[in-house]
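Just below is one structure, and these are the notes that go with it.
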Amino acid sequence: MNAAPSPPLIAIRELSKAYQRGEQRIPVLEGVNLEVQAGEFVALMGPSGSGKSTLLNLIAGIDKPTSGRIEIGGTDIATLSEGELADWRAANIGFVFQFYNLLPVLTAFENVELPLLLTRLSRGERRRHVQAALDRVRLADRAEHYPNELSGGQQQRVAIARAIVSDPTLIVADEPTGDLDRVTGAEVLDLLEQLNRELGKTIVMVTHDPKAAARARRLIHLEKGELVPDEAPAGA
Amino acid sequence: MFLLRLLLKNAFRHRLRTLLTMIGLVVAICAFGLLRTIVDAWYNGVEGTSSTRLVTRNAISLTFPLPLAYADRIRGVEGVSAVSWSNWFGGVYITERNFFPQFAVEPASYLALYPEYVLKDEEKKAFLIDQQGAVAGRKLAEQHGWKVGDQIALRGTIYPGTWTFTLRGIWDGADAKTDESQFLFHWKLLSETTRKRLNTNADYVGVFVVRIDEPDSAPLVSQRIDALFKNSRAETLTETEKAFQLGFVALSEAILVAVQAVSVVIIVIIMAVMANTMTMTARERLAEYATLKALGFTPGFVVKLLFGESLVIALIGGGIGLVVTLPIAAAFAKAVGTLFPVFIVSPLTMGLQLLASIVVGLVAAAWPAWTMSRVSIVNGLRHVG
Chain D
555 MNAAPSPPLI AIRELSKAYQ RGEQRIPVLE GVNLEVQAGE FVALMGPSGS GKSTLLNLIA
615 GIDKPTSGRI EIGGTDIATL SEGELADWRA ANIGFVFQFY NLLPVLTAFE NVELPLLLTR
675 LSRGERRRHV QAALDRVRLA DRAEHYPNEL SGGQQQRVAI ARAIVSDPTL IVADEPTGDL
735 DRVTGAEVLD LLEQLNRELG KTIVMVTHDP KAAARARRLI HLEKGELVPD EAPAGA
Chain Z
12 MFLLRLLLKN AFRHRLRTLL TMIGLVVAIC AFGLLRTIVD AWYNGVEGTS STRLVTRNAI
72 SLTFPLPLAY ADRIRGVEGV SAVSWSNWFG GVYITERNFF PQFAVEPASY LALYPEYVLK
132 DEEKKAFLID QQGAVAGRKL AEQHGWKVGD QIALRGTIYP GTWTFTLRGI WDGADAKTDE
192 SQFLFHWKLL SETTRKRLNT NADYVGVFVV RIDEPDSAPL VSQRIDALFK NSRAETLTET
252 EKAFQLGFVA LSEAILVAVQ AVSVVIIVII MAVMANTMTM TARERLAEYA TLKALGFTPG
312 FVVKLLFGES LVIALIGGGI GLVVTLPIAA AFAKAVGTLF PVFIVSPLTM GLQLLASIVV
372 GLVAAAWPAW TMSRVSIVNG LRHVG
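So the protein sequences, as listed, match chains D and Z.
Under this note's numbering, the first residue of the first sequence carries the number 555, and numbering increases by one thereafter.
Under this note's numbering, the first residue of the second sequence carries the number 12, and numbering increases by one thereafter.
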């Protein structure tokens, strides 16, 4: 007897997003349907304006759809209020941005600690979690450094540590290697792969770079706001 | 704790900008305090009045005297417990620049009516028995370096001739609001000398100072006194000492309103400068606020960050402004001498300086905080690229 298939972590149904500019309606996503299983590493690719970043923003709960459902871990986040969404993001989403988005006045340690300040963890527990996250990205020795004292690759690794420190359900990465040279970008991708493989983290990554996309286990193309059929990445 | 640490770090991120804004605040809050103190100093004569003292003057004008004979009749009015009198002397000490108020008074009754002029017993006795004697307030004596026993010559302007007095005492004010810039001498000397020099009847006084038993009876006693002299050749106008002093202040009310308006304008200007600083700050950090919101921090947290940072800058700048007001006010008081008999930064003014700093901080952050709390995360993050 076969076991019942587990429900997808991300289930998107008839998702549409359009922007209103004056009287003009500009559609970005039209009737998108997508499922992502827990533990997947998905790359979203597509030309500029295809809607891949918009889709990532909607999945991350930092934007609201015009219509459709986005269920993440069984919660339809399209129905949550702003306050509920903020709490939901804090508990479920780890962000990796193209330009790292670290707070320049905080040390690497303090930047990684940020998401934990929204939890009930004690100071000691927070410290342990932050150290573990910095160990994972091999930056424990740079904990007291400020972002401007770190290279681009190191800053992105701090951002990754910040993304995983609260053990989120899902990591969303928007062009994580877009601001890095080839070698440093490869190191960051190694790290994301490790997180997926060793910790079983579900990752949805937007990228322009076919080499970056090749690191993912699944490649999704978007064109003019619509999904084109799935394909396995070249390197998979 | 984290919020406090973050907003303190943010406040000093652009050190030059923060420093310049703080300098602006120091100047504005200090200027605000000094201008308010000037207005307070102007009103000090009013503040230092007693509710149990009335002043009776000629109903036509203060420049018209009243007969000394009125004193006994006023003393007989129900509710009056003591009467004294004084004349404005208007003499010049060395040069016109050394202006200070001089009054010819009936010494025993006058000093009894003004217990806030605290004289040593032996100095008081010496003054009372020496018709050529005079007493001066501590501030006035210190300004001119006078000591007890010094000879002080005044050149009369209203009463011609040179008038030489022996300083018999220096009084201290009972409190900080007591005017210590006055010079008092015997009315009898003025009267007798004037009679001799001008061969006229000199039994006239400028004003009567009347003590009443009950402050509440002031209107009634005033009416009774004025009724006594109704239809006489010198009708009287009696009012409380406060109303009498306010009459002088009213002469310069337009200037005082202008000074107060300037003090408010200064605060409005620094508010605009500070608001500009906070708006620039917020715009530069748009992506950071968006990042915080993406991580799960609420828009309210961003609002707290901006208000907190603005208040930190405003309170540090305003606090320094408040502190430097005190020595500047002291130096100013020394420089202007007896022009302002009492020039003290009052607790109320210090409170208003603090309040102005807080208001500047809050108002300056209001618009950027409102804008930043409403900007969408997606738009904020786009600001990076």
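The beta carbon of each residue, even a glycine, is placed where N, CA and C say it ideally should be.
Owing to the predicted nature of the structure, the values given are computational and were not obtained by experimental measurement.
Between VAL129 of chain Z and ASP183 of chain Z, the gap from beta carbon to beta carbon is short of 7 Å. Taking 7 Å as the CB threshold, ILE388 of chain Z lines the interface with chain D.
For TRP381 of chain Z, the uninterrupted alpha helix (DSSP H) run begins and ends at 358-385, by DSSP. For THR48 of chain Z, there is no enclosing beta strand (DSSP E); the enclosing alpha helix (DSSP H) covers residues 26-53. A straight-line Cα-Cα distance of about 12 Å links VAL38 of chain Z and GLN364 of chain Z.
Counting along the chain, LYS207 of chain Z sits inside the alpha helix (DSSP H) bounded by residues 198-209. Rounded to whole angstroms, HIS775 of chain D and LEU598 of chain D show a C-alpha spacing of 6 Å. Cβ contact annotation for ALA119 of chain Z (same chain, cutoff 7 Å, sequence separation greater than five): LEU139, in chain order. Along the length of the segment 634-693 of chain D, whole alpha helix (DSSP H) runs at least 4 residues long occupy 636-646, 662-667, 677-690, reported in chain order. Taking a Cβ-Cβ cut-off of 7 Å, PHE318 of chain Z has no neighbours in chain D, whose nearest Cβ is about 17 Å from it. Identification of residues in the segment 595-621 of chain D having a C-beta nearer than 7 Å to some C-beta of chain Z yields ASN611, ILE616, ASP617, given in sequence order. With contacts defined by Cβ atoms closer than 7 Å, ALA632 of chain D and ARG643 of chain D do not form a contacting pair.
Counting only Cβ-Cβ distances below 8 Å, VAL659 of chain D has contacts in chain Z at LEU17, LYS20, ASN21, ARG24, in chain order. Listed in chain order, the non-local C-beta contacts of VAL273 of chain Z below 7 Å within the same chain comprise LEU46, local neighbours out to five positions each way being set aside. Cβ neighbours of PRO701 of chain D within its own chain (closer than 6 Å, five residues either side excluded): LEU656, PRO658, GLN709.
Checking the DSSP bridge columns, you'll see ALA137 of chain Z has no partner listed. Sequence-distant partners of VAL50 of chain Z (beyond 5 residues in either direction) whose C-beta falls short of 7 Å from its own C-beta, in its chain, are LEU267, VAL270, GLN271. Sequence-distant partners of GLU698 of chain D (beyond 5 residues in either direction) whose C-beta falls short of 8 Å from its own C-beta, in its chain, are THR661, ALA662, PHE663.
For HIS775 of chain D, the secondary structure class from DSSP, reduced to helix, strand or coil, is strand. Around GLY637 of chain D, the beta-carbon contacts reaching into chain Z at under 7 Å are THR309.
Its Cα nearest to that of SER72 of chain Z, the residue Z:PHE259 stands out among Z:ILE163, Z:ILE324, Z:PHE259. Near chain Z, meaning a CB-to-CB distance below 9 Å, the residues of the segment 668-684 of chain D are LEU668, PRO669, LEU671, LEU672.
Close partners of ASP641 of chain D in chain Z (Cβ separation under 7 Å): GLY307. Contact between the segment 239-254 of chain Z and the segment 61-75 of chain Z is present: 3 or more CB-CB pairs across the two stretches fall below 8 Å.
In the DSSP assignment, PHE114 of chain Z forms a beta bridge with Z:TRP99, Z:LEU195. Excluding its 5 nearest sequence neighbours in each direction, THR360 of chain Z has C-beta neighbours in its own chain below 7 Å: GLY44, ARG47, THR48, ASP51, listed in chain order.
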